[in-house]
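Numbering-wise (the working numbering), the sequence shown opens with residue 603 and increments by one.
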Amino acid sequence: MKKYTCEPCGYVYDPEVGDPDNGIAPGTAFEDLPDDWVCPICGVGKEEFKEED
């Protein structure tokens, strides 16, 4: 699974870690995040994230 970086703040969503503080279990792919999930650092939506190479 690929990592995604928040363009405004640099937060990296790592699917192996998930976002447990916001109810996202480890192993959750970025594509499977809820549509209303936002960056836990700066609060922008998924559309502001870019896939890492």
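All C-beta atoms in this analysis are idealised placements derived from N, C-alpha and C, irrespective of residue type, glycine included.
Cβ-Cβ distance between residue i and residue j below 8 Å
i      : j      : result
PRO610 : VAL646 : yes
LYS604 : GLU654 : yes
For residue i: DSSP bridge partner residues
i      : result
TYR615 : TYR606
PHE632 : PHE632 is not bridged to any residue.
VAL658 : Because the chain in this structure spans residues 603 to 655, residue 658 falls outside the shown range and cannot be described.
Cβ-Cβ separation, residue j to residue i (assumed contact under 8 Å), whole Å
i      : j      : result
LYS652 : TYR606 : 7 Å
PRO642 : ALA631 : Not a contact, Cβ separation roughly 17 Å.
Helix, strand or coil at residue i according to DSSP, with G and I counted as helix
i      : result
ASP621 : strand
GLU654 : coil
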